[in-house]
Amino acid sequence: MAVPFLDLNGTPRARGRAQGEGLRSQIDANIALYADRFGKLGLSAKAIEDGALGWETPLARMEPGFMEEIRGVAEGAGRTLAEILMLNVRYELIIRLFREARLASAAAVDGCTSFAALPERSATGTTWLGQTWDWLAGVQTAVTRVVRDDGPDFLCLGEAGTVGGMQGVNEHGIGVVINAMMAEGDGSTGYHRPFRLRVRDVLNARDFSHAITAVNGTDRSSSMNFIIGATGGEVMDIEVSATHEAYIEPRDGVLSHANHFCALKVASDAPRVWPSSLYRGSRLGRLMAQSQSLDATTLKSLMSDHFAYPHSICVHVDPDAPDIRKVETRNGVLIDLDRRVMYVTDGPPCCAPFEEFRLTA
-14 MAVPFLDLNG TPRARGRAQG EGLRSQIDAN IALYADRFGK LGLSAKAIED GALGWETPLA
46 RMEPGFMEEI RGVAEGAGRT LAEILMLNVR YELIIRLFRE ARLASAAAVD GCTSFAALPE
106 RSATGTTWLG QTWDWLAGVQ TAVTRVVRDD GPDFLCLGEA GTVGGMQGVN EHGIGVVINA
166 MMAEGDGSTG YHRPFRLRVR DVLNARDFSH AITAVNGTDR SSSMNFIIGA TGGEVMDIEV
226 SATHEAYIEP RDGVLSHANH FCALKVASDA PRVWPSSLYR GSRLGRLMAQ SQSLDATTLK
286 SLMSDHFAYP HSICVHVDPD APDIRKVETR NGVLIDLDRR VMYVTDGPPC CAPFEEFRLT
346 A
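Residue numbers for the sequence shown follow our numbering, beginning at -14 and rising by one.
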């Protein structure tokens, strides 16, 4: 299937409303999918609704335009504000609810493998970012191109109904990809900028310094890994917990990461939750290092790697896994920062074509 694509412009409320109208069926599907998942995890609908609505005032205080966009999505999609808030703070919400209920975190968050390549390792001299985003089979995503007066224009991939994005590039050639992480203390530090808002903060940046500050400059509620890149050949990996951060620079022009902490010394269950993380990131880095001239074709091929299938870089549903652990690579994402182009699959990159999306129409 083709990756849904929307052009969004105007005020934050108008952009949200346009997304809600344009992706109504995909948003409906995501809300139904998460309602089913929460039920299987033993979380009540009221707990989810109350938890989501608890973010309304903090988000409006942190970033009024972000909250206005969420309101617009709810209006356009004909859904409640609580439902759309849930989609946008799902990561932080579930971590907090799991912590409060003393539930195992093994089914709480999504995984992925991300990477970067500098111009000296690129066949075309570009700066590359990329990621395989691994999450529930059936979750709906879309690419949006946002043209606005209140910040830089940008191109991003996100779950239908969300407004912050997960991976993207802006008009200044600043880009970002992410990895879910977990650490002791996640969900215990109160309401701080959720990761989707933090991704938007990166895409709001006009230069590399501001992009880094978007990650490390404010308090956090949970752990995450960000690979940030800039046209002209700079990338930085920032591992963050709720209270600390660490930095990883490229080695021999490449960088890769999965879902466990590599630099930050922090107590974490990640290796038990994602045992495949212990080899996915390092394997991708070795595969990249073997090529002296990385181009789009090579990088797309590496994202299709099936070592340790189905728990590979290119993830496929494990038929023996319980329903709450049936995940796959929902999107392969490759970003050319210099050309402001994203290549995105709808499904595992081994069998789904990469579609090209440009920031400049």
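Each residue gets a CB set at the ideal place from its N, CA and C atoms; glycine is no exception.
Keep in mind that this is a model prediction, so the values were computed, not measured.
DSSP three-state assignment for G143, whether helix, strand or coil: Translated into the one-based positions of the sequence shown, residue 143 becomes position 158. Correct three-state label for G143: strand.
Minimum length 3: unbroken beta strand (DSSP E) runs contained in the region 165 to 245: 209 to 215, 219 to 225, 230 to 233, 239 to 242
In its own chain, which residues sit with a C-beta less than 6 Å from the C-beta of F(-10), not counting the 5 before and 5 after it? In the sequence shown, the residue the question calls residue -10 occupies position 5. Closer than 6 Å at Cβ, skipping near neighbours: V128.
Let me know the alpha helix (DSSP H) ranges lying completely inside the region -12 to 39, each 4 residues or longer, listed in chain order. For the region -12 to 39, whole alpha helix (DSSP H) runs of length 4 or above, ordered along the chain, are -3 to 7, 9 to 25, 30 to 38.
For G158, three-class secondary structure by DSSP: The sequence position of residue 158 within the sequence shown is 173, counting from 1. Residue state, collapsed to three classes: coil.
Per DSSP, which residues does F342 bridge with? Please list them. The count along the sequence shown starts at 1 and reaches residue 342 at position 357. DSSP lists M327 as partners of F342.
Separation of R2 from G57, as counted between CA atoms: On the sequence shown, residue 57 is found 72 positions in, with the first residue counted as 1. On the sequence shown, residue 2 is found 17 positions in, with the first residue counted as 1. Whole-angstrom Cα-Cα distance: 4 Å.
May I have the straight-line CA-CA distance separating L241 from H177, to the nearest angstrom? Position 256 of the sequence shown, counting from 1, holds the residue named residue 241. Position 192 of the sequence shown, counting from 1, holds the residue named residue 177. Looking at the sequence provided, one finds Ser at residue 241 rather than Leu. Put simply, the backbone Cα of S241 is about 27 Å away from that of H177.
DSSP state of I79, grouped into three classes? On the sequence shown, residue 79 is found 94 positions in, with the first residue counted as 1. In the structure shown, the three-state DSSP call for I79 is helix.
Would you identify the three-state DSSP class for E313, choosing helix, strand or coil? On the sequence shown, position 328 is the one that residue 313 refers to. Three-state result, E313: strand.
Looking only at its own chain, which residues have a Cβ that is under 6 Å from the Cβ of F169, when we skip the five neighbours before and after it? Start at 1 with the first residue of the sequence shown, and residue 169 comes out as number 184. In the sequence as displayed, the identity of residue 169 is Glu instead of Phe. Closer than 6 Å at Cβ, skipping near neighbours: A252.
Cβ-based burial, G266 [other Cβ within 10 Å; buried from 16]: Position 281 of the sequence shown, counting from 1, holds the residue named residue 266. Classification for G266: buried.
The alpha helix (DSSP H) spanning L347 covers which residue range? Summary: the structure shown does not reach residue 347, with the chain confined to residues -14 through 346, and so no result is reported for it.
Tell me which same chain residues have a C-beta within less than 6 Å of the C-beta of A91, skipping the five on either side of it? Mapped onto the sequence shown, residue 91 falls at position 106. Confidence is the limiting factor: at A91 the pLDDT is only 48, short of 50, which leaves the residue's position unreliable and the question unanswerable from this model.
Closest to S238 by C-alpha separation, out of C299, M151, L103, would be which residue? Taking the sequence shown and counting its residues from 1, one reaches residue 238 at position 253. The sequence as given places Gly at residue 238; Ser does not occur at that position. Nearest C-alpha to G238: L103.
Starting from F100, trace the beta strand (DSSP E) both ways and give me its first and last residue. In the sequence shown, residue 100 corresponds to position 115, counting from 1. 96 to 102 is the span of the beta strand (DSSP E), which, as asked, contains F100.
D303 and S297 look like a contact to me (Cβ under 8 Å); what is the Cβ gap, rounded to whole Å? Numbered from 1 along the sequence shown, position 318 holds the residue referred to as residue 303. Numbered from 1 along the sequence shown, position 312 holds the residue referred to as residue 297. D303 to S297, Cβ: 11 Å. No contact.
Other residues of its chain near E34: CB distance less than 6 Å, five sequence neighbours each side excluded: Position 49 of the sequence shown holds residue 34. Same-chain partners within the cutoff: A67.
Can you grab the Cα-Cα spacing for the pair T112 / L322, in whole Å? To locate residue 112, count along the sequence shown from 1; it is residue 127. To locate residue 322, count along the sequence shown from 1; it is residue 337. T112 and L322: Cα-Cα distance of roughly 6 Å.
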